[in-house]
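This report refers to the structure that appears directly beneath it.
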Amino acid sequence: MTTGHTQTVKSRGEDVKNFLTRQRARIDPQIYGFSRQNRRVSGLRREELAQLAAVSVSWYTWLEQGRDISISPAALQRIGKVLQLSVTEQEYLEALVFGNAH
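Last residue of the sequence shown: 104 (the numbering used here), numbering continuous.
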């Protein structure tokens, strides 16, 4: 990764957390072949999203918690795809993470 294509998330952590948590909760796990049974919350688990987006569970958890991590646009695109974000939602997520608000 080059520094021009990564950004830390810390300053917008709470907004990132709220957005990702809300989006994850609205996804039916069955569309990806996961059971709905034995869930404490609705939607995809962090572990499932991480697996589907090809990122580590720890890394995704840190992103969702708003920790000071680096992220590539490609990884953020994969997360958006798993979350089935609209173009507008993906742009919003990118603005939150990379700070390039429109």
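Where a beta carbon is used, it is the ideal one built from N, C-alpha and C, also for glycine.
Through-space distance from GLN67 to GLU16, alpha-carbon basis | 7 Å
Which class does ILE73 belong to by DSSP, given the choice of helix, strand or coil?
-> If DSSP states are grouped into helix, strand and coil, ILE73 belongs with the strands.
Alpha helix (DSSP H) segment containing GLN25, residue limits = 15 to 27
Would you mind listing the alpha helix (DSSP H) stretches within the segment 52 to 102 that are 4+ residues and don't spill past its ends, in chain order?
-> 59 to 67, 75 to 84 and 89 to 100
Which whole-angstrom value describes the C-beta separation of LEU78 and GLN25, a residue pair presumed to lie in contact below a C-beta threshold of 8 Å?
-> Not really, about 12 Å apart at Cβ, beyond 8 Å.
Are the beta-carbon atoms of VAL99 and ALA55 separated by less than 7 Å?
-> Not in contact: VAL99 and ALA55 (Cβ atoms no closer than 7 Å).
Count the other C-beta atoms from every protein chain shown that fall within 10 angstroms of the C-beta of VAL57, then say buried if there are 16 or more, exposed otherwise.
-> buried
To the nearest angstrom, how far is it from the Cα of LEU95 to the Cα of PHE21?
-> 8 Å
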